[in-house]
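Numbering (the numbering used here), first residue to last: 913 to 1324. Here's the structure, in structure tokens; my notes come after.
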Amino acid sequence: MQTTSTKDTKNSIAAAKNSKYHVNERGYYGKFGGAYIPEMLYPNVEELRQNYLEIIGEAAFQEEFHSLLKDYVGRPSPLYFAQRLSEHYHTNIYLKREDLNHTGAHKVNNTLGQILLAKRLGKQKIIAETGAGQHGVATATVCALMGMDCIVYMGAVDIERQKPNVERMKLLGAKVVAATSGSQTLKDATNEAMRHWINNPTDTHYIIGSVVGPHPYPDMVARFQSVISAEMKWQLKEKTGNENPDYILACVGGGSNAMGAFYHYLEAENVKLIAVEAAGLGLYSGETAATTQLGKSGILHGSKTLLMQTKDGQVVEPYSISAGLDYPGIGPVHAHLYDTTRATFYSATDEEALKAGQFLSRLEGIIPALETAHAFAALEKMTFETNDVVVMTVSGRGDKDLQTYIDRGMAG
913 MQTTSTKDTK
923 NSIAAAKNSK
933 YHVNERGYYG
943 KFGGAYIPEM
953 LYPNVEELRQ
963 NYLEIIGEAA
973 FQEEFHSLLK
983 DYVGRPSPLY
993 FAQRLSEHYH
1003 TNIYLKREDL
1013 NHTGAHKVNN
1023 TLGQILLAKR
1033 LGKQKIIAET
1043 GAGQHGVATA
1053 TVCALMGMDC
1063 IVYMGAVDIE
1073 RQKPNVERMK
1083 LLGAKVVAAT
1093 SGSQTLKDAT
1103 NEAMRHWINN
1113 PTDTHYIIGS
1123 VVGPHPYPDM
1133 VARFQSVISA
1143 EMKWQLKEKT
1153 GNENPDYILA
1163 CVGGGSNAMG
1173 AFYHYLEAEN
1183 VKLIAVEAAG
1193 LGLYSGETAA
1203 TTQLGKSGIL
1213 HGSKTLLMQT
1223 KDGQVVEPYS
1233 ISAGLDYPGI
1243 GPVHAHLYDT
1253 TRATFYSATD
1263 EEALKAGQFL
1273 SRLEGIIPAL
1283 ETAHAFAALE
1293 KMTFETNDVV
1303 VMTVSGRGDK
1313 DLQTYIDRGM
1323 AG
């Protein structure tokens, strides 16, 4: 068994500078990205921009980060050959089991990296936003580990539909603050977190949970999540003799688990990257979160990206049964991958995701988070060759969504 080394990480940092799919020196992915922020946030963001690459490139940082990933998170996460699923779709499907991480999702990869960065910047307090609650739990977890105060902003609607994660955050010592404006979901929680950060710039670090927000956040989160694809390469080499699969599938809201899975394959044009968004009640129902299908270029939470908006530029309230995909935009890196056609974007409705989650549960004994279930729903819309190698990220476990599965008749 191999692990992702400090040398591998430094090599990936150097390689990103010469990539047409990674961020450039101005903080853009093609025409998307940047840092569109109020003057009061400038010192906070600029401090990060000036220091993040140097800090995460330090040997001592990498040694601590990878030690915690191994001994605390439980990495490497397994790459599991799903035999029954493969037989059903007449191809070879491997599951990257991020659901087996400590805290139950991929989110902890990023929260560990960011809290180590925050400590080196001399911060004492942490704030975060969360939708499905997995990022909130991961943030509360690392704050408990490091002995730092933690406030998590969460939409009031999401607090009700993700109660198990709310209780986990509180048990870990975090303060959970309800966002009661707008749709009372992820977008609104992010707004509240940014307001808090403006008022507490000196001692507080904002751990953004996805590849969204002003530069350098999308790049920083992507680098911490890139451990997923770094492991996939050597795991595939061991299992198949080839480190490159034919397809990588992942669900996308902001897009951190997808970016982690795509990161080391961006330049491998023969690897097809598949992102799956939430179509909610249907693409044209008015109750959806399928950003690339319905969105246009605009500014959201500090970056230029694709987002759902009205003709006069007002953000359209998103909807998805999965709280983690209930976001009106998409990370600027994914907007660029869509714009350049490097990645192909599908969407799945609530009903399709629920059925896919039930199907995986009964076929492989793996209950996926509803976010993850959207990616599995896309399998029904694709055609594979029998010798294809398909890797799917199981971004989170479905414990948090059990009541929704039950309420929608999927447990009978």
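Quick reminder that beta carbons are idealized off the backbone N, C-alpha and C, glycines included. From a predicted model like this one, the values you see are computed outputs, not experimental measurements.
C-beta atoms of Pro990 and Arg1009 nearer than 7 angstroms
Looking up residue 990 in the sequence shown gives position 78. Looking up residue 1009 in the sequence shown gives position 97. Cβ atoms of Pro990 and Arg1009: closer than 7 angstroms.
Gly945 versus Gly1269, Ala1017 and Ser1209, residue with shortest Cα-Cα distance:
Locating residue 945 in the sequence shown gives position 33, counting from the first residue. Of the listed residues, the one whose Cα sits closest to Gly945 is Ser1209.
According to DSSP, Lys982 sits in a beta bridge with which residue or residues?
Translated into positions along the sequence shown, residue 982 becomes position 70. Per DSSP, none; premise fails for Lys982.
Option in Asp1311, Asp1262 and Arg1254 with minimal Cα separation from Ser1273:
For the purposes of this step, residue 1273 is taken as residue 361 along the sequence shown, with counting starting at 1. Ser1273 has its Cα closest to that of Asp1311, out of Asp1311, Asp1262 and Arg1254.
Residues bridged to Leu991 by DSSP?
Walking along the sequence shown from the start, residue 991 turns up at place 79. Answer is Lys1008.
When the distance is taken between beta carbons, is Ala1201 closer than 7 angstroms to Asp1251?
Counting from 1 along the sequence shown, the entry for residue 1251 is found at position 339. Counting from 1 along the sequence shown, the entry for residue 1201 is found at position 289. Using a Cβ distance threshold of 7 angstroms, Asp1251 and Ala1201 do not count as a contacting pair.
Span of the alpha helix (DSSP H), counted from its first residue to its last, around Val1054
As a position in the sequence shown, residue 1054 is number 142, starting the count at 1. From DSSP, the alpha helix (DSSP H) with Val1054 extends over Gln1046 to Met1058.
Go ahead and pull the three-state DSSP assignment for Pro1280.
The residue you call residue 1280 lines up with position 368 of the sequence shown. Annotated three-state conformation of Pro1280 is strand, per DSSP.
The region 1043-1051 touching the region 1064-1080, judged by at least three CB pairs closer than 8 angstroms
yes
By alpha-carbon positions, which one of Thr1051, Leu1212, Gln995 and Val1306 ends up nearest to Glu1276?
Counting from 1 along the sequence shown, the entry for residue 1276 is found at position 364. For the residues Thr1051, Leu1212, Gln995 and Val1306, the minimum Cα distance to Glu1276 belongs to Gln995.
With burial defined as no fewer than 16 other Cβ atoms inside 10 Å of the residue's Cβ, what is the status of Glu1283: buried or exposed?
Your numbering for residue 1283 matches position 371 in the sequence shown. The residue in question, Glu1283, is buried, as its Cβ has 16 or more Cβ neighbours within 10 Å.
For Ala1290, which residues in the same chain have their Cβ closer than 8 angstroms to its Cβ, ignoring the five residues on either side in sequence?
Taking the first residue of the sequence shown as 1, we reach residue 1290 at position 378. Closer than 8 angstroms at Cβ, skipping near neighbours: Leu1161, Ile1186, Val1188, Tyr1258 and Ala1260.
Quick check: what's the CA-CA separation for Ala1191 versus Thr1217?
As a working mapping, residue 1191 is identified with position 279 in the sequence shown. As a working mapping, residue 1217 is identified with position 305 in the sequence shown. Using only the alpha carbons, I get a separation of about 19 angstroms.
Is DSSP giving Thr921 helix, strand or coil here?
Locating residue 921 in the sequence shown gives position 9, counting from the first residue. Here the model assigns Thr921 a pLDDT of 49, short of 50, so the residue's position is not dependable and the matter cannot be decided.
Along the chain, where does the alpha helix (DSSP H) containing Gly1172 start, and where does it finish?
Here residue 1172 corresponds to residue number 260 of the sequence shown, with the count starting at 1. Residue range Ser1168 to Phe1174 is occupied by the alpha helix (DSSP H) that includes Gly1172.
Residue interval of the alpha helix (DSSP H) (run including Gly1025):
As a first step, residue 1025 must be located in the sequence shown, where it is residue number 113. Run containing Gly1025: Lys1019 to Arg1032, per the alpha helix (DSSP H) assignment.
Inspect the beta-carbon positions of Pro1130 and Val1123 and report whether they are closer than 7 angstroms.
By one-based count along the sequence shown, residue 1130 stands at place 218. By one-based count along the sequence shown, residue 1123 stands at place 211. Cβ atoms of Pro1130 and Val1123: closer than 7 angstroms.
Would Gly1214 pass as a contact of Tyr1006 if the rule is Cβ separation under 7 angstroms?
As a position in the sequence shown, residue 1214 is number 302, starting the count at 1. As a position in the sequence shown, residue 1006 is number 94, starting the count at 1. No; because the gap between Cβ atoms is not below 7 angstroms, this pair is not in contact.
Roughly how many angstroms separate the alpha carbons of Pro1244 and Met1081, rounded to a whole number?
Taking the sequence shown and counting its residues from 1, the one referred to as residue 1244 is at position 332. Taking the sequence shown and counting its residues from 1, the one referred to as residue 1081 is at position 169. Spanning the two alpha carbons is a distance of roughly 29 angstroms.
Using CA coordinates, which residue listed in Tyr984, Thr1222, Tyr1175 and Lys1267 is at the minimum distance from Phe1233?
Working through the sequence shown from its first residue, we reach residue 1233 at position 321. With the sequence shown as reference, residue 1233 is identified as Ile, and Phe is not the correct amino acid for it. It is Lys1267 whose Cα lies nearest to the Cα of Ile1233.
Less than 7 angstroms separating the beta-carbons of Ala1180 and Asn1154?
If you number the sequence shown from 1, residue 1180 lands on position 268. If you number the sequence shown from 1, residue 1154 lands on position 242. For the 7 angstroms CB-CB criterion, Ala1180 and Asn1154 do not form a contact.
Round the Cβ separation of Leu1083 and Leu1024 to the nearest angstrom and send it over; I've been treating them as touching at under 8 angstroms.
Translated into positions along the sequence shown, residue 1083 becomes position 171. Translated into positions along the sequence shown, residue 1024 becomes position 112. So it is not a contact: roughly 19 angstroms between Cβ atoms.
Bridge partners - Glu1041, DSSP secondary structure assignment
Here the question's residue 1041 lines up with position 129 in the sequence shown. Glu1041 is bridged to Tyr1065.
Taking Cβ positions, are Tyr933 and Leu1178 nearer each other than 7 angstroms?
Looking up residue 933 in the sequence shown gives position 21. Looking up residue 1178 in the sequence shown gives position 266. Their beta carbons are under 7 angstroms apart, which means Tyr933 touches Leu1178 by this criterion.
Pairwise C-alpha distance: Tyr1196 and Val894
Given a span of 913 to 1324 for the chain in the structure shown, any question on residue 894 remains unanswerable.
Can you tell me the Cα-Cα spacing of Glu1297 and His1000, whole angstroms?
Within the sequence shown, residue 1297 is the residue found at index 385, counting from 1. Within the sequence shown, residue 1000 is the residue found at index 88, counting from 1. The alpha-carbon atoms of Glu1297 and His1000 are separated by roughly 13 angstroms.
Less than 7 angstroms between the beta carbons of Lys1037 and Asp1115, yes or no?
Position 125 of the sequence shown, counted from the start, is the residue given in the question as residue 1037. Position 203 of the sequence shown, counted from the start, is the residue given in the question as residue 1115. For the 7 angstroms CB-CB criterion, Lys1037 and Asp1115 form a contact.
Nearest neighbour of Leu1206, chosen from Ile1278, Gly1269 and Pro1230 [CA to CA]
Residue mapping note: residue 1206 aligns to position 294 of the sequence shown, counting from 1. The option with the nearest alpha carbon to Leu1206 is Pro1230.
Among Thr1152, Ser1095, Gly1324 and Leu1148, which one has its Cα closest to the Cα of Glu1199?
Mapped onto the sequence shown, residue 1199 falls at position 287. Checked all of Thr1152, Ser1095, Gly1324 and Leu1148; the closest Cα to Glu1199 is Ser1095.
Length at least 4, wholly inside the region 1215-1290: the alpha helix (DSSP H) runs in chain order:
1244-1251, 1262-1276 and 1282-1289
Look at Tyr1065 and Ala1017 and say whether their C-beta atoms are less than 7 angstroms apart.
Numbered from 1 along the sequence shown, position 153 holds the residue referred to as residue 1065. Numbered from 1 along the sequence shown, position 105 holds the residue referred to as residue 1017. No. Outside cutoff.
Can you tell which of His1014, Phe993, Val935 and Ala1091 has its C-alpha closest to the C-alpha of Arg1309?
Along the sequence shown, read from residue 1 onward, the residue named residue 1309 stands at position 397. Measuring from the Cα of Arg1309, the nearest candidate turns out to be His1014.
Straight-line gap, Phe977 to Gly969 (C-alpha atoms, nearest Å):
As a position in the sequence shown, residue 977 is number 65, starting the count at 1. As a position in the sequence shown, residue 969 is number 57, starting the count at 1. Each residue's alpha carbon lies about 11 angstroms from the other.
Cβ-Cβ distance between Ile1027 and Ile1063 below 7 angstroms:
Looking up residue 1027 in the sequence shown gives position 115. Looking up residue 1063 in the sequence shown gives position 151. Here Ile1027 is not near Ile1063, since their CB atoms are 7 angstroms or more apart.
Is the beta carbon of Gln1137 less than 7 angstroms from the beta carbon of Gly1172?
If you number the sequence shown from 1, residue 1137 lands on position 225. If you number the sequence shown from 1, residue 1172 lands on position 260. Yes; because the gap between Cβ atoms is below 7 angstroms, this pair is in contact.
Inter-residue spacing [alpha-carbon to alpha-carbon] between Ile1278 and Glu958:
Along the sequence shown, read from residue 1 onward, the residue named residue 1278 stands at position 366. Along the sequence shown, read from residue 1 onward, the residue named residue 958 stands at position 46. About 42 angstroms.
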